[in-house]
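Take a look at the structure below.
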Amino acid sequence: MKYFKLLKIFYEYSGVENVKFSPDGSKIVSSSIDGSIRIWDIELGKEIHKLKGHLNWVNDAKFSPDGNMVVSASRDNTIRLWDVRSGKQLKKLEGHSNCVTSAQFSSDGNTIVSSSWDQTIRLWDVKSGRNVKILHGHSNVINDAQFSPDCQTI
1 MKYFKLLKIF YEYSGVENVK FSPDGSKIVS SSIDGSIRIW DIELGKEIHK
51 LKGHLNWVND AKFSPDGNMV VSASRDNTIR LWDVRSGKQL KKLEGHSNCV
101 TSAQFSSDGN TIVSSSWDQT IRLWDVKSGR NVKILHGHSN VINDAQFSPD
151 CQTI
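Be aware that the sequence shown starts at 1, since it is given in full-length UniProt numbering, and climbs by one per residue.
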């Protein structure tokens, strides 16, 4: 059995909902129950940005395939796009009528898929921020949605 060694401890000020690595492995993004998102430099063990904008618990945060953006999903019913370099909010995506549980970029970085307690999965155009497709069919909350590796299936 392989054992792992703890390399760094990153201090978070509130409960952490999830943590994801950047594509190049140099950063991590964490989402919190206080509505914030933090981007950390792994080598330095320091917070680079604290992203504020969500009004409630942030369920999910992930890097874009090129590592230049972060997408976040929140209980405030919104999805937000953030610039990793500046820490600024780029877009606020609205359309879900309940808690957004997950958000993920397609492998080409042009589309986002999101899931929600409103029983829908939505597709969003990254460039325009427009909701381009709503998928119905679930009779209960949806906790996660992801693209297949070839982006042909959700």
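In this text, a Cβ means the ideal position worked out from N, Cα and C, and glycines have one as well.
These numbers were taken from a predicted model, which means no experiment stands behind them.
query: Start-to-end residues for the beta strand (DSSP E) that takes in D60; result: V58 to F63
query: Minimum C-alpha distance to S96 - residue among V19, R75, S36 and D83; result: Per the sequence shown, the amino acid found at residue 96 is His instead of Ser. It is R75 whose Cα lies nearest to the Cα of H96.
query: Buried versus exposed, by CB contacts within 10 Å (16 or more), S115; result: buried
query: Own chain partners of V141 with C-beta closer than 7 Å, once the 5 adjacent residues on each side are dropped; result: W117 and Q119
query: Rounded separation between K127 and N110 - CA only; result: 7 Å
query: Of the listed residues I28, G35, A61 and D125, nearest to E47 (C-alpha basis); result: I28
query: Beta-carbon proximity check, V100 vs A73, cutoff 8 Å; result: yes
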